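Protein chains: 2
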Amino acid sequence: MALNHILTGFKVLDFTHVLAGPAATRLMAEMGADVIKVEFPPLGDMSRALPTIIDGRSAYYVQQNRGKKSLCINLKTEEGKALVYDLIRQVDVVIENFAPGVAARLGIGWDKVHALNPRAVMCSISAFGQQGPLSGLPGFDYIAQAYAGVTGMIGEPDSAPSLPMLGLGDVNTGVHAMAAIGYALLHRERGGEGQYLDISLLDAYFHCHEINVALYGLTGRIPTRAGHHHYAVCPLGLFRHGDRHVCIIALDPQWPSLCNAMGDAGLASDERYNSNAKRVERAEEVIALVQAWVDRQPSVEAIIAHLAGHHVPCAPVMNIAEVCNAPHMIERGTVRRISDPKLGEFTVPGMPLRFSGFERDAPLAAAYLGQHNEEVLGTLLGLSSERIAALQATGVLHANPAT
Amino acid sequence: MALNHILTGFKVLDFTHVLAGPAATRLMAEMGADVIKVEFPPLGDMSRALPTIIDGRSAYYVQQNRGKKSLCINLKTEEGKALVYDLIRQVDVVIENFAPGVAARLGIGWDKVHALNPRAVMCSISAFGQQGPLSGLPGFDYIAQAYAGVTGMIGEPDSAPSLPMLGLGDVNTGVHAMAAIGYALLHRERGGEGQYLDISLLDAYFHCHEINVALYGLTGRIPTRAGHHHYAVCPLGLFRHGDRHVCIIALDPQWPSLCNAMGDAGLASDERYNSNAKRVERAEEVIALVQAWVDRQPSVEAIIAHLAGHHVPCAPVMNIAEVCNAPHMIERGTVRRISDPKLGEFTVPGMPLRFSGFERDAPLAAAYLGQHNEEVLGTLLGLSSERIAALQATGVLHANPAT
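Residue numbers (the working numbering), protein chains in the order written: chain A, -14 to 388; chain G, -14 to 388.
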């Protein structure tokens, strides 16, 4: 079912797997693109084996691949390759996130794609980019994160760094890729040719250092992880109340408000603390002052309500259950319920791009492995049912409704 | 100087400040857009006061605002507002990251922008989105991070969560915004009208939960932070060597390789550990086995080289100095040197979007406050030098070359 959305009519041939690449094409599918996900027999995208799995069906796969068609084809056969080439001739976008060099070895590198279809935009996503000394390293989120100096900036200073337990790097790298593709399509729409996009986790992660890189470059100081209180702003950190934590932030404009909120208006004019630089200098004292006030409050909810009344930025650290059930999250569809034939209804993150001109939440479905072999090859390449059955029989095509 | 790039000829009127918004328009400036940054007297974008500051010049500001023109104008005067309206009539994109409601109160809400220029795309960036129970809360990265259930997923399980010491949320929200703008421009290029984009930190952060949300929704289990070893994959974590840490990952395909690399090929067939599910079940034992091997190695470098030889994903946790000086980072321009009249040469993250059709690293400069008042109002609105001087004298315009 074609959506009426920005990318309606655009075709994407999608060789991606697991997370960064599928996140990019998921967003494009939600914008109406006709995404043909190419999977390889016998198992397809390895995320079909990632948790949460119920009845052989992976919620991980469903979340990232709704609205895409699954074409399961053996690219190592001459027939399979020829069919893929015929598809490349028809699409607007080709995207892959193999290790660098693999796409070329499979016969679908940029040179080949460009020769087959000069208008096609091709995007490669990798951990470290297509060239350079580290480009051959395996492409896991946390590996690129460590090399980007991100891991080293997370955790208590006197112990091991902490790993964020979510796909910050992969998903946001997917967003970088999806963005680059959009601008490349815009360029093409204005008369330009197709082009090649080289997007990496390393670039996307490193791109997020807003202070650290320049601080080191200009002063030689090496910033490092600082636990749960920021090293350059004070107070900005997590304060404990019972077994919960609350984030409280006061930059210079909010410091007097926080002092008021803590019932100590005089503190605002205390010369020891009346600038962020001074407070960072005396961070231990400032943190102790705020913590002492927190300790006197009856509950996290009371802290939040009181500080909000004084326009002091604050937030409870919430767990996944609290977040998924928060009225704001549900009302806005930041968390949404989707429906799957095998998994039933369950919750996933909502579409983060909100366009006033288009509906936001189309009822998309995820495919079983090879579900659209016939539809894709029949519609786009005009193959007969007999031909498709023969390709299936010889293993060029594969399908598995149990996935 | 106009770049020859994808957005050459596109005009952006940029009311953003600090990080998420400026990151979006920075990327657009690097793609050749004519970005007019509107700042308010007397101080302009408050990031001009953020570290690192040398000689009154903020490297923070320079990093995020290279290639943009600065127009410093008092929007609370009738003349200032009229000039801004005239500019809105001429631009392709209007972008702001005030708290929800502020743009409308300033007279530049979507209704007004759309009425002035139906072709304009307008993007608002906020912490929680434009509507909903939490939309009025202050818009800091860490506040949205806590509400998105991200903070709670980072840190050791038995102590406070850890705050990542970099702008992961703001910068990536900026990328989401920049992406949405690109697709809205593509839509316009194909005959569509302008439209309104509502982008939030909360959406962008929550969007990164690749396992947690569905796991909770389908099983009721509430995943939480797990320190430096992943809760769903084993081994995937940080191992200590001396005062450093190394990230080692072995999913099912890599487990036999890791066993080999550790000199214990027999371990691969040990039935207690021969699937990820079993290893997660016995995570303590597996982690201890790997740590014991790490302990026997002479250095982090030796560990990395040895595991790389066995195709086991691994990485040293690097500090900012190590990262900024890594040959791969420099060779690829993931870290780059830029030049500023006051700060001299220093390092910032490179442009993360790499287009084969365009040069990547234009020599862009950051503006002092109001540096382009005359250029913008003279060129785009045809104001005479006398008129501009009069506006400057009455405080409608402002400039400060010392910033």
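Positions of the beta carbon are idealized from the N, C-alpha and C atoms, including for glycine. None of the values given here were measured: they were computed from a predicted structure.
For residue i: DSSP bridge partner residues
{"i": "LEU223(G)", "result": "CYS232(G)"}
{"i": "MET107(G)", "result": "VAL79(G) and TYR181(G)"}
{"i": "ARG321(A)", "result": "VAL333(A)"}
{"i": "HIS214(A)", "result": "GLY222(A)"}
{"i": "PHE340(G)", "result": "LEU182(A)"}
Per-residue DSSP class, three states only, for residue i
{"i": "ARG42(G)", "result": "strand"}
{"i": "ALA84(A)", "result": "coil"}
{"i": "SER55(A)", "result": "strand"}
{"i": "LEU382(G)", "result": "strand"}
{"i": "LEU68(A)", "result": "helix"}
{"i": "LEU354(A)", "result": "strand"}
{"i": "ASN245(G)", "result": "helix"}
{"i": "MET150(G)", "result": "coil"}
{"i": "ARG173(G)", "result": "helix"}
{"i": "ASN259(A)", "result": "coil"}
{"i": "MET(-14)(G)", "result": "Confidence in MET(-14)(G) is poor, its pLDDT being 41 and thus under 50, which makes the residue's placement unreliable; the coordinate value appears in the next sentence. In the structure shown, MET(-14)(G) sits in coil (DSSP, three-state: anything other than H, G, I, E or B)."}
{"i": "PRO238(G)", "result": "helix"}
{"i": "HIS389(G)", "result": "Shown here, chain G extends from -14 to 388; a query on residue 389(G) therefore has no answer."}
{"i": "ASP346(A)", "result": "coil"}
Residues near residue i in its chain [Cβ-Cβ closer than 6 Å; skip 5 each side]
{"i": "MET(-14)(G)", "result": "Low confidence applies to MET(-14)(G): its pLDDT is 41, below 50, so where it sits in the model is not reliable, and the reading given next is rough at best. Contacts found: none."}
{"i": "GLY12(A)", "result": "The question names Gly, yet the displayed sequence has Leu at residue 12(A). Only MET163 meet the Cβ criterion."}
{"i": "MET138(G)", "result": "ARG210"}
{"i": "PHE343(G)", "result": "HIS(-10)"}
{"i": "GLU330(A)", "result": "ARG322 and SER324"}
{"i": "ASP19(A)", "result": "LYS(-4)"}
{"i": "GLN282(A)", "result": "ILE288"}
{"i": "ALA133(G)", "result": "LEU187, TYR190 and PHE191"}
{"i": "PRO241(A)", "result": "ALA253"}
{"i": "GLU15(G)", "result": "MET336"}
{"i": "ILE315(A)", "result": "none"}
Same chain only: Cβ atoms within 7 Å of residue i, ignoring 5 sequence neighbours per side
{"i": "ALA387(G)", "result": "GLY41"}
{"i": "LEU362(G)", "result": "LEU68, LEU368 and ILE373"}
{"i": "ARG173(A)", "result": "ARG104, VAL106 and GLY179"}
{"i": "GLN115(A)", "result": "PRO85, SER109 and ASP183"}
Residue range of the beta strand (DSSP E) that includes residue i
{"i": "GLY396(A)", "result": "Outside the displayed range of chain A (-14 to 388) lies residue 396(A), so it cannot be described from this structure."}
{"i": "PHE191(G)", "result": "Taken as a continuous stretch (DSSP letters only), PHE191(G) belongs to no beta strand (DSSP E), being part of the alpha helix (DSSP H) at 186 to 191."}
{"i": "PRO301(G)", "result": "299 to 301"}
{"i": "ILE(-2)(G)", "result": "The sequence as given places Leu at residue -2(G); Ile does not occur at that position. Taken as a continuous stretch (DSSP letters only), the beta strand (DSSP E) holding LEU(-2)(G) covers -4 to 0."}
Proximity test, residue i beta-carbon vs the ligand ZN heavy atom, cut-off 7 Å
{"i": "HIS357(A)", "result": "Ligands are entirely absent from the displayed structure, and the ligand ZN is therefore not among its contents."}
Limits of the unbroken alpha helix (DSSP H) element including residue i
{"i": "LYS61(A)", "result": "Run containing LYS61(A): none; DSSP gives neither H nor E here."}
{"i": "ALA290(A)", "result": "285 to 294"}
{"i": "ILE21(G)", "result": "Run containing ILE21(G): none in the alpha helix (DSSP H); it sits in the beta strand (DSSP E), 19 to 24."}
{"i": "ALA5(G)", "result": "5 to 15"}
{"i": "THR101(A)", "result": "It should be noted that the sequence gives Leu, not Thr, for residue 101(A). Taken as a continuous stretch (DSSP letters only), the alpha helix (DSSP H) holding LEU101(A) covers 95 to 101."}
{"i": "ASP126(G)", "result": "126 to 132"}
{"i": "LEU274(A)", "result": "268 to 281"}
{"i": "GLU316(G)", "result": "312 to 316"}
{"i": "ALA363(A)", "result": "One detail in the question is off: residue 363(A) reads as Gly in this sequence, not Ala. Counting along the chain, the alpha helix (DSSP H) containing GLY363(A) begins and ends at 358 to 366."}
{"i": "THR209(G)", "result": "Taken as a continuous stretch (DSSP letters only), THR209(G) belongs to no alpha helix (DSSP H), as it is neither H nor E."}
{"i": "THR204(G)", "result": "197 to 204"}
{"i": "ALA306(A)", "result": "305 to 309"}
8 Å Cβ shell around residue i - same chain, five flanking residues per side excluded
{"i": "ILE289(A)", "result": "VAL231, CYS299, ALA300 and PRO301"}
{"i": "ASP280(G)", "result": "HIS226"}
{"i": "GLU178(A)", "result": "PRO103 and ARG104"}
{"i": "LEU(-2)(G)", "result": "ILE21, VAL23, VAL69, LEU72, ILE73, VAL76, VAL78, VAL79 and ILE80"}
Subject >> Where the segment 307 to 318 of chain A meets chain G: residues whose CB sits under 8 Å from a CB there >> reply: GLU307, VAL308, CYS309, ALA311, PRO312, HIS313, MET314, GLU316 and ARG317
Subject >> Interface residues of the segment 229 to 253 of chain A facing chain G [CB-CB below 7 Å] >> reply: HIS230, CYS232 and ILE234
**OP:** Using a Cβ-Cβ cut-off of less than 9 Å, list which residues of the segment 330 to 345 of chain A approach chain G; keep chain order.
**Re:** GLU330, PHE331, THR332, VAL333, PRO334, GLY335, MET336, PRO337, LEU338, ARG339, PHE340, SER341, GLY342 and PHE343
Subject >> Residues in the segment 170 to 188 of chain G having any Cβ partner in chain A nearer than 9 Å >> reply: LEU170, LEU171, HIS172, GLU174, ARG175, GLY177, GLU178, GLY179, GLN180, TYR181, LEU182, ASP183, ILE184, SER185, LEU187 and ASP188
Original post:
Between the segment 139 to 163 of chain A and chain G, which residues of the former have CB atoms less than 8 Å from a CB of the latter, in chain order?
Top reply: ILE139, GLY140, GLU141, SER144, ALA145, PRO146, SER147, LEU148, PRO149, MET150, LEU151, GLY152, LEU153, ASP155, VAL156, ASN157, VAL160, HIS161 and MET163
Subject >> Contact set between the segment 46 to 63 of chain G and chain A, restricted to residues whose Cβ is under 9 Å from the partner >> reply: VAL47, GLN48 and GLN49
Original post:
Any residues in the segment 185 to 210 of chain G with a beta carbon nearer than 7 Å to a beta carbon of chain A? Which ones, in chain order?
Top reply: LEU187, ASP188, ALA189, PHE191, HIS192, CYS193, HIS194, GLU195, ILE196, ASN197, VAL198, ALA199, LEU200, TYR201, GLY202, LEU203, THR204, ILE207, PRO208, THR209 and ARG210
**OP:** Check each residue of the segment -13 to -1 of chain G: if its Cβ is closer than 7 Å to any Cβ of chain A, include it; give the result in chain order.
**Re:** ILE(-9)
Original post:
Can you list, in chain order, the residues of the segment 64 to 95 of chain A whose Cβ is nearer than 9 Å to any Cβ on chain G?
Top reply: TRP95
**OP:** Below 7 Å between beta carbons is the criterion; list the residues of the segment 14 to 41 of chain A that meet it against any residue of chain G, in chain order.
**Re:** MET16, PRO36, THR37 and ILE39
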